[in-house]
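Heads up: the sequence shown runs through residues 1238 to 1440, numbered per our numbering. Worksheet: the structure to be examined is printed underneath.
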Amino acid sequence: PTKTLKHSGTQTLKMAFIVLEGMRFHAFHGVHPEEQILGGEYIVNVEVQTGITLAAKTDDIEFTPVNYETVYQICMAEMAQPKKLLETVVTNIIQRMKRQFSQMKSVKVQVRKLHPPIHAKMGPLSQAQKYPSISGTVAAAWVQDESNFVANCPRCKTPFLCYADDTCWCKEINNVHPATQETLKRQFGSTCLCPNCLKLYTG
């Protein structure tokens, strides 16, 4: 299904989901020594909502705002960097995607660790000691994070895309006078303005 979103206050974009499902990697994430040495199997799923108007009209990959081959390469690069926590892996994938793609309305990333080792803590309350005749396995453990990047301009109330950190498009604008920046901060706080409103303050 597709939706529409007014982008930059002037253009209505057709929105759609671009999904990569079941990307499988052998990686070395985890806190246990065997995970860091032997590694394990992981499945990564990514879902991005973005505008497809120009790409659909031209049938040209150059106008695709999110190229799924690039998404795969981003995931592969991050999975190749061993981390202790899946939370870190998921966050890094999202941050790298924000740097690569400037037109994401939302992104959802899930990293699944297949058959993770579960080490029962030995002690007076250990479940392994309470139930010595019972054994079990875990099919998968996963972490999923989702971010939505649609904001309402505090000046004109128009919805627009804003990443709200150093990956945002507005960080590339360097022709706003420092005094004007201070005035905008006092008037609108740390919230970004939409591109149309920001143009009024650029010199």
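Backbone N, C-alpha and C define an ideal beta-carbon position, used for all residues, glycine too.
Restricting attention to H1269, V1308, E1271, the CA atom closest to the CA of V1285 is found in V1308. Taking 8 Å as the cut-off, the Cβ atoms of K1345 and T1404 do not count as close.
For K1251 and F1338, the gap between their C-alpha atoms comes out near 17 Å. Rounded to the nearest whole angstrom, the CA to CA distance from F1397 to C1390 is 7 Å. In the structure shown, the three-state DSSP call for A1401 is coil. Beta-bridge partners assigned by DSSP to G1288: M1252. Annotation: G1276 to I1311 spans about 20 Å, alpha carbon to alpha carbon. Distance from the Cα of A1293 is smallest, within the candidate group I1280, I1255, I1274, for I1255.
Straight-line spacing of the CA atoms in T1439 and T1417 works out to 9 Å.
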